[in-house]
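Here the UniProt record's numbering is used: the first residue of the sequence shown is 1, the next is one more, and so on. Encoded as C-alpha cells, the structure appears first; notes follow it.
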Amino acid sequence: MVDGPGNGLDARSSEDCPGCLWAQDCPVAQLASLASFDPDTLLDDSAVFRSLQCIVAHKGLPIEVVDPSVLQLYSHPGAGIGPRRQEGLEDLRKRKFIMMPVCLKRHWVLFVYSRPKQRLYYFDSLKMPGFKKMATNRVNRFLDCVYGHNAQRAAESAKWMKSPLQGEKPDCGLHVLLNAEKLLLLAKRAAAGQEHILPEEPIELRRYYRRRFENLGLDVSPEDLH
Numbered sequence: 001m002v003d004g005p006g007n008g009l010d011a012r013s014s015e016d017c018p019g020c021l022w023a024q025d026c027p028v029a030q031l032a033s034l035a036s037f038d039p040d041t042l043l044d045d046s047a048v049f050r051s052l053q054c055i056v057a058h059k060g061l062p063i064e065v066v067d068p069s070v071l072q073l074y075s076h077p078g079a080g081i082g083p084r085r086q087e088g089l090e091d092l093r094k095r096k097f098i099m100m101p102v103c104l105k106r107h108w109v110l111f112v113y114s115r116p117k118q119r120l121y122y123f124d125s126l127k128m129p130g131f132k133k134m135a136t137n138r139v140n141r142f143l144d145c146v147y148g149h150n151a152q153r154a155a156e157s158a159k160w161m162k163s164p165l166q167g168e169k170p171d172c173g174l175h176v177l178l179n180a181e182k183l184l185l186l187a188k189r190a191a192a193g194q195e196h197i198l199p200e201e202p203i204e205l206r207r208y209y210r211r212r213f214e215n216l217g218l219d220v221s222p223e224d225l226h
C-alpha cells in the first residue's frame, strides 16, 4: 500500500476534507460503502473511515483518524516501513490524539490514543473482555511503530469507556461513529442547551450517518444501487 496525500497513512484520501474525501475512490467502492449503511449490514472500512474523518474535520481538533486497512497492515510483524510510510508516521507523531477504528470477526470497536497522557481509551458496544485483548493486540504494533514501547504499554492497559450497548444486529460500526461524535462534542465542551442531539435508535442512526456520508461528495447517485 502506498501512502497518499492528506492523511499521511491513507492511500485513498484527498487533501480536501470533507467535500472531496472521495476524490480517489472508484465508483464501485463508493457504492459498496454506501450500501453498507443499509439495515442489517455491517459498515465497511471506507464507510467507517470516511465518516470518522468527516466528524473530526467538522470539530477542528488535533486528531488523526487511522485507516483500518493501514492499521491492519502495521499489525503484522513482517510489515516493512519504507521512507514514505515513515514520513506518514512522523506526521502522525505531531498529533495529540489518534483515533483508530478496528474491525475483527465482524465487530467494530474504537480506540483513541492520547499522546499527552500516554493513555489508550477503548469503546466497545458489546463489552466483551476477551475481544478487548484481541483488538488491543492489533493496535500494539501500530502504536509501537508510531510512539515506541511506552505507547505499547499504554495499550495493554486500555481504559474501558462508556458506550451504548447494541442489540443483536450488526450495528457496531454505527456505535463507533456515535461514540466518536459524543467524545468530540464533549472535548469541545458544548454549552448547555446547545449540544447537537444525535439519534441513538439504530434505524434512525443509519439514516443520519448515511445522509452525512452521501454529503461527502459521491461521484455516483444512490439510485445506482437499484
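Idealized CB from N, CA, C, for every residue including glycine. Given the structure is predicted, the values throughout are model-derived calculations rather than measurements.
Beta-carbon gap between residue i and residue j smaller than 7 Å
i	j	result
residue 123	residue 143	no
residue 69	residue 38	no
residue 100	residue 139	yes
residue 50	residue 216	yes
residue 141	residue 74	yes
residue 121	residue 159	yes
residue 126	residue 174	no
residue 42	residue 199	no
Status (buried if at least 16 other CB within 10 Å, exposed otherwise) for residue i
i	result
residue 188	exposed
residue 300	One cannot answer for residue 300 here, as it falls past the ends of the chain, which runs 1 to 226.
residue 146	buried
residue 183	buried
residue 28	exposed
residue 63	buried
residue 228	No answer is possible for residue 228: it lies beyond the span of the chain, which begins at 1 and ends at 226.
residue 104	exposed
residue 181	buried
residue 165	exposed
residue 19	Because residue 19 sits at a pLDDT of 38, beneath the cut-off of 50, its placement in the model cannot be relied upon, and the following sentence gives the value as read from the coordinates. Counting Cβ neighbours within 10 Å, residue 19 comes out exposed, since fewer than 16 surround it.
Span of the alpha helix (DSSP H) around residue i
i	result
residue 129	129 to 147
residue 202	202 to 214
Cα-Cα separation between residue i and residue j, rounded to whole angstroms
i	j	result
residue 161	residue 130	16 Å
residue 209	residue 117	31 Å
residue 53	residue 65	6 Å
residue 168	residue 107	11 Å
residue 214	residue 55	14 Å
residue 40	residue 72	25 Å
residue 132	residue 30	30 Å
residue 207	residue 135	28 Å
residue 57	residue 128	30 Å
residue 157	residue 92	22 Å
residue 172	residue 148	30 Å
residue 95	residue 61	10 Å
residue 225	residue 119	The predicted position of residue 225 is uncertain, since its pLDDT is 42 and thus under 50; no value can be drawn from it.
residue 102	residue 201	23 Å
residue 203	residue 97	30 Å
The beta strand (DSSP E) enclosing residue i, as first and last residue numbers
i	result
residue 227	Because the chain here runs from 1 to 226, residue 227 falls outside it and cannot be looked at.
residue 101	97 to 104
residue 114	107 to 114
residue 120	119 to 123
- Message: For a minimum of 3 consecutive residues, which ranges assigned as the beta strand (DSSP E) are wholly contained in the segment 30 to 79?
- Response: 63 to 65
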